[in-house]
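Data first, discussion second: the structure below is written as structure tokens.
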Amino acid sequence: MSEIAVNLSEQEYEVFDISQKTELVFKNKNFIFGKNGAGKSTLCKLVETQFTKTHNVFIFSGFENILIDNKLDAVVLGKENTQIQKTLLALEKQIDELYSKKQDKELLLKQLQWGASYQEEGIEKHELLLEKERTCLDYQKKEREIDKYCKDQARILKSQDKPQITKPIYNKQDFIQDIPNKCILNEEKKQEFEKILAEKAKEVVQKFSFPKFDLEGLLKETNSVLQKRVKETIIIEELKDEPDKQAFAKRGLEIHKDTDSCAFCGNEITKARTEKLQSYFSVNEVRELEEEIQTLNDKMSQNLINLNSINNIEEVLFYEKFLERVKNSNLEIKEKKAEYNLFFQKLQNKLDEKARNLFGCVDIVLNEVPEPFSIYEEEINSIVEDNNNFTQNLSIEQDAAKTNLRLHYVAEYLEQKSEYKENWIGYEGERNLLHVLEGLKEAAETMVDSKILEITGDSVQTKDTLLFLESEITKKINEKKELLKETKDTSKSVDNINMKLKGTGKNNLELCLVKEEDKVEHYLIKDGEKVRDINKIST
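Its first residue numbered 1, the sequence shown is counted upward by one per residue in the UniProt record's numbering.
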């Protein structure tokens with residue numbers, strides 16, 4: 001078929017005047033010229049519409065239909081490759097946008113995770129990071145102040161040597177460990193612990209025991225003697241029922257046994273008078289009673305000797321903490337000795353009275369005896385035992401005293417405010433302030449961490465996080481790779497085009513294949529040794 005007739009009446013818009021002629025006949029080769037808008041493209045479209053089913057119709061309507069990337073200054077051949085290249089360009093645009101977002105996120109991340117090396121890149125710290133650093137510095141400053149305070153107090157406590165209340169190596173950590181156990185002592189307890197620290201180890205004190213006194217027996221014997229009376233065998237009227245005169249006469253007989261005259265009145269003492277008095281006082285009953293009285297007096301004297309042998313407890317043998325008990329016991333001993341002494345004195349007085357009244361009864365003046373010394377013995381020996389135990393445990397007791405005093409001073413120092421330094425509000429107050437600063441620091445850290453997580457993302461891969469963007473970039477790159485696998489080889493088409501170009505006399509024009517990784521194969525248009533700008537090739 002050497003020609004075809006194109007029906008112009010099927011034009012979509014009234015470009016051609018069909019009032020005179022409705023058909024346009026094309027021969028084997030036809031050249032059509034016209035300005036823009038003359039109808040060249042409309043005519044091509046009519047040919048394509050009317051003859052595609054009966055002919056192989058190929059229309060070059062300009063490089064806009066085959067030119068994919070002006071930046072490459074190249075063309076892409078093949079219908080499939082052209083569509084793929086369009087899709088690839090869209091993917092690359094999406095990838096570029098994703099990379100741009102990723103760079104923005106990475107910049108923000110660097111601002112939040114700022115390092116000195118970023119300064120050269122002109123990256124500044126994020127305001128959240130600045131707040132985190134400020135709160136951290138405030139916290140660290142307060143922490144250093146409290147740390148210095150603890151060091152200062154530990155040094156003061158360690159230097160205190162009257163008495164020494166710390167171990168040789170006492171530092172800040174020891175002071176901090178003492179704080180929960182702090183305890184203010186009253187002045188009495190404080191002095192007690194100080195005295196314990198001043199104590200030197202003492203010798204073991206022996207158990208204390210009192211002499212035994214048979215007061216019941218002594219009273220019973222005395223009362224028995226007081227009730228005895230000697231029966232008069234010779235009656236001397238002037239002495240009858242006169243105990244004082246009897247005692248005077250007896251004493252006078254002893255004084256005047258070697259003289260004949262009375263030492264008191266000077267009168268003569270007759271032999272008969274002397275013999276009568278000797279008979280009166282020499283009866284056996286008188287001698288026996290006198291011996292009993294003497295025996296009781298001897299017992300009384302021995303008891304007094306034993307009583308006086310009881311000494312006070314030696315205070316020097318006891319530690320300061322037991323001295324009050326020792327003094328109380330010594331006072332009780334003194335009072336008991338006085339009570340015993342009075343008891344014995346009363347019995348002696350009665351015996352003396354009886355010695356003057358052998359021929360009559362003497363009234364009983366005592367019916368009860370004092371309580372025994374043994375009632376104090378248990379308490380005294382309890383003090384002795386406590387004192388001896390204290391000797392054995394002196395080092396333990398002194399360690400305890402040292403600890404109590406140290407905790408007392410720790411409590412005192414913790415109460416210091418301006419005494420320590422200006423604007424110091426006390427340890428507890430400063431610690432509370434530190435806790436507040438710690439809360440602010442942790443809140444700022446949380447905000448930074450949350451912001452970083454918001455940027456980086458997690459396993460959920462929230463939209464626009466780095467993880468999400470990286471995943472999307474990887475996905476788009478993989479899509480691009482899959483599309484590239486679908487491109488077709490167009491080298492045969494290029495050979496045909498080059499042959500036709502030469503057939504038309506265009507020996508200087510030639511399409512050259514260019515292959516680049518991750519790109520659709522494309523072609524440069526060479527004009528001799530030069531590459532021609534594809535936009536300057538006429539259609």
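Cβ atoms here follow ideal geometry from the backbone N, Cα and C, with glycine treated the same way. Please read these numbers as outputs of a predicted model, since none were measured by experiment.
- In this structure, the straight-line span from the alpha carbon of G37 to that of L8 is close to 16 Å.
- Per DSSP, reduced to three states, the secondary structure at D161 is strand.
- With distances taken between CA atoms, V365 lies nearest to F344 out of E192, F344, Q111 and K463.
- Two segments are said to touch when three or more pairs of C-beta atoms, one from each, lie closer than 8 Å; by this definition the segment 161-176 does not touch the segment 466-474.
- Around the CB of Q111, 16 or more other CB atoms lie within 10 Å, so the residue is classed as buried.
- Judged by beta-carbon spacing, L347 lies beyond the 9 Å limit of L289, meaning their Cβ atoms are not closer than that value.
- Annotated as proximal: Y409 and L157, with beta-carbon spacing under 9 Å.
- When DSSP reads this structure, E422 sits in no beta bridge, so it has no partner.
- According to DSSP, V25 shares a beta bridge with A5.
- Burial state of K167 is exposed, judged by a 10 Å Cβ sphere holding fewer than 16 other Cβ atoms.
- Across the set I95, I32, Y149 and S450, the C-alpha of I95 shows the shortest separation from the C-alpha of T474.
- For the 9 Å CB-CB criterion, I84 and E486 form a contact.
- With contacts defined as CB atoms closer than 9 Å, I305 and L351 fail to qualify as a contacting pair.
- The three-state secondary structure of I123, taken from DSSP, is coil.
- Note that the segment 200-218 does not touch the segment 414-429; fewer than 3 beta-carbon pairs, one per stretch, sit closer than 8 Å.
- T456: member of the alpha helix (DSSP H) spanning Y427 to T456, first to last residue.
- Each residue's CA atom was taken as its position, placing S418 and T391 some 44 Å apart.
- One Cα belongs to Q153, the other to N404, and the distance between them is close to 16 Å.
- Straight across, the Cα-Cα distance linking K27 with A5 is about 9 Å.
- Contact annotation, F208 with E377: C-beta distance approximately 6 Å; criterion of less than 8 Å satisfied.
- As the crow flies, the alpha-carbon of N186 is around 22 Å from that of I396.
- When the alpha-carbon of E445 is set against those of F31, V15, D458 and L130, the nearest one is in L130.
- In the same chain as P163, and ignoring 5 residues on each side of it, the C-beta atoms closer than 8 Å to its own belong to E194, L197, A198, K402 and L405, in chain order.
- Nearest to V448 by alpha-carbon distance, out of F58, E133 and E23, is E133.
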